[in-house]
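J.: At position 12 of the sequence shown (counting the first as 1) the number is 12 in the numbering used here, and the numbers step up by one without a gap. Quick one: the structure is below, questions incoming.
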Amino acid sequence: MQFTLVIYAAPHSTEGAATALRFARALLQSGHSIYRVFFYGDGVHNGSALTAPPQDEQDLLRQWQELQEAHTLDLTICIAAAQRRGVLSISESARLEKPAGNLADGFELAGLGQLAEACVVSDRVVTFGG
Numbered sequence: 001m002q003f004t005l006v007i008y009a010a011p012h013s014t015e016g017a018a019t020a021l022r023f024a025r026a027l028l029q030s031g032h033s034i035y036r037v038f039f040y041g042d043g044v045h046n047g048s049a050l051t052a053p054p055q056d057e058q059d060l061l062r063q064w065q066e067l068q069e070a071h072t073l074d075l076t077i078c079i080a081a082a083q084r085r086g087v088l089s090i091s092e093s094a095r096l097e098k099p100a101g102n103l104a105d106g107f108e109l110a111g112l113g114q115l116a117e118a119c120v121v122s123d124r125v126v127t128f129g130g
């Protein structure tokens, strides 16, 4: 079965983002596929390269990146939500005349069209946070 995950939760504000990560791992271990992981609203903070959790807390960014590398996941950040929250790629930061980009490796910016496409293509869409 093919899934799309939509994550509204910021990395350390609730358990939503961590639960989504555990769910993604369980899906992949069970032989399912993930078409897209779409980060929306405050969930875009999951793709910020500037997060620095304390050593005794889990590093969700690193874990998403490792999962993305291992399974070639499509980690997509809503571009409009990201701009509102200061999560920018290098090209977007230049276009918007901002001093730097902070979109983490393994993540890409895209519009809501990619979410709509993922919803059509996937057998199930599961949301976290919100």
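Don't be surprised by glycine CBs; every beta carbon is placed ideally from N, CA and C. All values derive from a computational prediction rather than experimental measurement.
(1) Going by DSSP, what residue range makes up the alpha helix (DSSP H) through V121?
(2) How would you write the range of the beta strand (DSSP E) that Q58 sits in, first residue to last?
(3) Give me, in chain order, the residues of the same chain whose beta-carbon lies closer than 6 Å to that of Q65; leave out the 5 immediate sequence neighbours on both sides.
(4) Just how far apart, CA to CA, sit L67 and D56?
(5) Should D42 be labelled buried (16 or more other beta-carbon atoms within 10 Å of its own) or exposed?
(6) Could you give the residue range of the beta strand (DSSP E) that holds L33?
(7) Just tell me which of A18, A24, Q29, G129 has its CA closest to the CA of D74.
(8) Is the region 1-8 in contact with the region 84-104, if contact means three or more CB pairs nearer than 8 Å?
(9) To the nearest angstrom, how far is it from the Cα of T51 to the Cα of R124?
(10) Is V44 near I77, with beta carbons less than 8 Å apart?
(11) Assuming A104 and S48 are in contact, meaning their beta carbons sit under 8 Å apart, how far apart are those beta carbons, in whole angstroms?
(12) Return yes when at least one heavy atom of the ligand HEM lies under 7 Å from the C-beta of T4, else no.
T.: With the given structure in hand:
(1) If you number the sequence shown from 1, residue 121 lands on position 121. Start and end: 112-121.
(2) Position 58 of the sequence shown, counted from the start, is the residue given in the question as residue 58. Segment: none, Q58 is in no beta strand (DSSP E) and carries neither H nor E.
(3) The residue you call residue 65 lines up with position 65 of the sequence shown. Within the same chain, G106 come within 6 Å of Q65 by CB-CB distance, once the 5 residues on both sides are set aside.
(4) Numbered from its first residue, the sequence shown carries residue 67 at position 67. Numbered from its first residue, the sequence shown carries residue 56 at position 56. Answer to the nearest angstrom: the Cα atoms are 21 Å apart.
(5) For the purposes of this step, residue 42 is taken as the residue at position 42 of the sequence shown. Residue burial annotation: D42 is buried, with at least 16 other C-beta atoms found within 10 angstroms of its C-beta.
(6) Within the sequence shown, the letter at position 33 stands for residue 33. In the sequence under discussion, the amino acid at residue 33 is Ser, which differs from the Leu named in the question. Segment 33-39, the beta strand (DSSP E) holding S33.
(7) On the sequence shown, position 74 is the one that residue 74 refers to. With distances taken between Cα atoms, D74 lies closest to A24.
(8) They do not touch, by the three-pair rule.
(9) Position 51 of the sequence shown, counted from the first residue, corresponds to residue 51. Position 124 of the sequence shown, counted from the first residue, corresponds to residue 124. When rounded, the distance between both Cα atoms is 30 Å.
(10) Numbered from its first residue, the sequence shown carries residue 44 at position 44. Numbered from its first residue, the sequence shown carries residue 77 at position 77. Their beta carbons are under 8 Å apart, which means V44 touches I77 by this criterion.
(11) As a position in the sequence shown, residue 104 is number 104, starting the count at 1. As a position in the sequence shown, residue 48 is number 48, starting the count at 1. With a Cβ gap of about 6 Å, A104 and S48 count as contacting.
(12) This structure simply doesn't include the ligand HEM, nor any ligand for that matter.
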